[in-house]
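The block underneath contains the structure these notes are about, expressed in structure tokens.
Here is the structure:
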């Protein structure tokens, strides 16, 4: 833009139009980038794959007691600069609700301790399939 103004002052008036087109293209590009990011946020795009992969790793390491059998459908939704993790956790079928909730609380705390950007963890407990 500054170059086109200087060229116009020197006697090249066509440079003003070229500079205007370049500035308009830059503004349009930035608008598209910001708009695309907003659409992804509104559609709950799974953007934080580091957290999702880390949750699977933690779930694999925690079943030392044998109460946690597996984890499915891990989702990470952005909420500003933080995120919310949702997951379905399979627990031993013979556990009481209290015992299953204690095991889930251990996993929830481990996730929040490992990832400071996680604001909340919602775990849906389901009994493991007996084979």
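Residue numbers (this note's numbering): 108 to 238.
Even glycine gets a Cβ: it sits at the ideal position worked out from N, Cα and C.
Could you check which residue in the options has the C-alpha nearest to that of residue i?
i	options	result
residue 176	125, 222, 207, 227	207
residue 188	126, 223, 121, 116	223
residue 185	133, 114, 149	149
residue 211	182, 190, 174	174
residue 234	202, 134, 111	202
residue 198	236, 115, 137	236
residue 230	169, 200, 196	196
residue 228	200, 181, 205	181
residue 204	140, 129, 232	232
residue 164	217, 109, 114	217
residue 166	109, 114, 215, 116	215
For the alpha helix (DSSP H) holding residue i, just list the boundary residues, first then last.
i	result
residue 216	204 to 221
residue 113	109 to 117
The beta strand (DSSP E) with residue i in it runs from where to where?
i	result
residue 197	189 to 198
residue 139	Not the beta strand (DSSP E): residue 139 falls in the alpha helix (DSSP H), residues 121 to 149.
residue 165	First-last for residue 165: 156 to 168, but that is the alpha helix (DSSP H), not the beta strand (DSSP E).
residue 236	Segment: none, residue 236 is in no beta strand (DSSP E) and carries neither H nor E.
residue 176	175 to 186
For residue i, count neighbouring C-beta atoms within 10 Å of its own C-beta (all shown protein chains included) and say buried if the count is 16 or more, exposed if not.
i	result
residue 135	exposed
residue 221	exposed
residue 178	buried
Confirm the yes/no value for this check: CB of residue i, any heavy atom of the ligand SAM, distance under 6 angstroms.
i	result
residue 118	In the structure shown, the ligand SAM is absent, as is every other ligand, since no ligand is present at all.
When the Cβ atoms of the segment 154 to 166 are set against those of the segment 189 to 202, are three or more pairs found closer than 8 angstroms? yes
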